[in-house]
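Novice: Counting in our numbering, the sequence shown runs from 81 upward without gaps.
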Amino acid sequence: MKKVLLTLSMTLFIGHYLAAQNHGILWCDKNPAKKATNNVVTQRSTNGILNLQVNWEGKTGGSTFAPQNLAITNGTCQTCKPLGAIGKNQPRELWTIKVTDVTKPVTLAWNTPGTKGYCGDGSLVIPPAVFK
């Protein structure tokens, strides 16, 4: 009985493992050290426009992150400037995504083989309530 209660309390406290990536942030978490500097965060969005804050490599820069590095299902980039790049001091950009069908969720995922090798196979499902 104690094991059941402990398991239940841990699940409620931590959350279900399948929902771990579905909290508004797509983490680059293949290397835990990159999680804080490399991620995509949903921002206040409305009227079929999804706003994302893309963070890449911190102040010192690193590899360049471009629109082709992010797979977007049910949306297209309107404003998606590349960021990162060594020595550019451009660690974050606000990207704007035009949602194709506002009744369906938008899915973000790491796209290219290089990005998947660097960040993992993570994806983020954004429900319609976020951008309606």
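Where a beta carbon is used, it is the ideal one built from N, C-alpha and C, also for glycine. Because the structure is a prediction, the values reported are computed rather than measured.
Could you tell me the boundaries of the alpha helix (DSSP H) in which G44 lies?
Specialist: Outside the shown range of the chain (81 to 212) lies residue 44, about which nothing can therefore be said.
Novice: Answer with buried or exposed for P171, where buried requires no fewer than 16 other C-beta atoms within 10 angstroms of its C-beta.
Specialist: As a working note, residue 171 is residue 91 in the sequence shown. That one is buried.
Novice: Let me know if I166 comes out buried or exposed under the rule of 16 or more other beta-carbons within 10 Å of its beta-carbon.
Specialist: Working through the sequence shown from its first residue, we reach residue 166 at position 86. Exposed is the call here.
Novice: Short of 6 Å in beta carbon distance, which residues of its chain neighbour K212, apart from the five on each side in sequence? Order them along the chain.
Specialist: Looking up residue 212 in the sequence shown gives position 132. Here the set comprises V182.
Novice: What number of angstroms, rounded off, separates the C-alpha of Q101 from the C-alpha of N127?
Specialist: By 1-based counting over the sequence shown, the position of residue 101 is 21. By 1-based counting over the sequence shown, the position of residue 127 is 47. At Q101, the pLDDT of 48 sits below 50, so the modelled position is not reliable; the number obtained from the coordinates is stated separately. If you draw a straight line from the Cα of Q101 to the Cα of N127, it comes to about 25 Å.
Novice: Starting from the Cα of Q123, find the closest Cα among C157, L174, D109 and give me that residue.
Specialist: If you number the sequence shown from 1, residue 123 lands on position 43. Answer by Cα proximity: L174.
Novice: Would you mind giving the Cβ-Cβ distance between K178 and Q158, rounded to the nearest angstrom? I have them listed as a contact below 8 Å.
Specialist: Sequence index remark: in the sequence shown, residue 178 carries index 98 (1-based). Sequence index remark: in the sequence shown, residue 158 carries index 78 (1-based). That belief holds up - the Cβ atoms of K178 and Q158 are roughly 5 Å apart, short of 8 Å.
Novice: Distance check for N169 and W190, CA to CA, integer angstroms please.
Specialist: One-based indexing of the sequence shown puts residue 190 at position 110. One-based indexing of the sequence shown puts residue 169 at position 89. When the Cα atoms are used, W190 and N169 turn out to be separated by approximately 23 Å.
Novice: Using the Cβ count rule (16 or more neighbours within 10 Å means buried), how would you classify K184?
Specialist: As a first step, residue 184 must be located in the sequence shown, where it is residue number 104. Result: exposed.
Novice: Take N154 and list the residues in its own chain whose beta-carbon comes closer than 8 Å to its own, dropping the five residues that flank it on each side.
Specialist: As a first step, residue 154 must be located in the sequence shown, where it is residue number 74. Listed in chain order, the non-local C-beta contacts of N154 below 8 Å within the same chain comprise V179, T180, D181, K184, P185, V186, T187, local neighbours out to five positions each way being set aside.
Novice: Mapping DSSP to helix, strand and coil, what is Q158?
Specialist: The count along the sequence shown starts at 1 and reaches residue 158 at position 78. Here Q158 sits in strand by DSSP.
Novice: Compute the Euclidean distance between the alpha carbons of T117 and T156, then round it to the nearest angstrom.
Specialist: Taking the sequence shown and counting its residues from 1, one reaches residue 117 at position 37. Taking the sequence shown and counting its residues from 1, one reaches residue 156 at position 76. Distance between the alpha carbons of T117 and T156 is about 24 Å.
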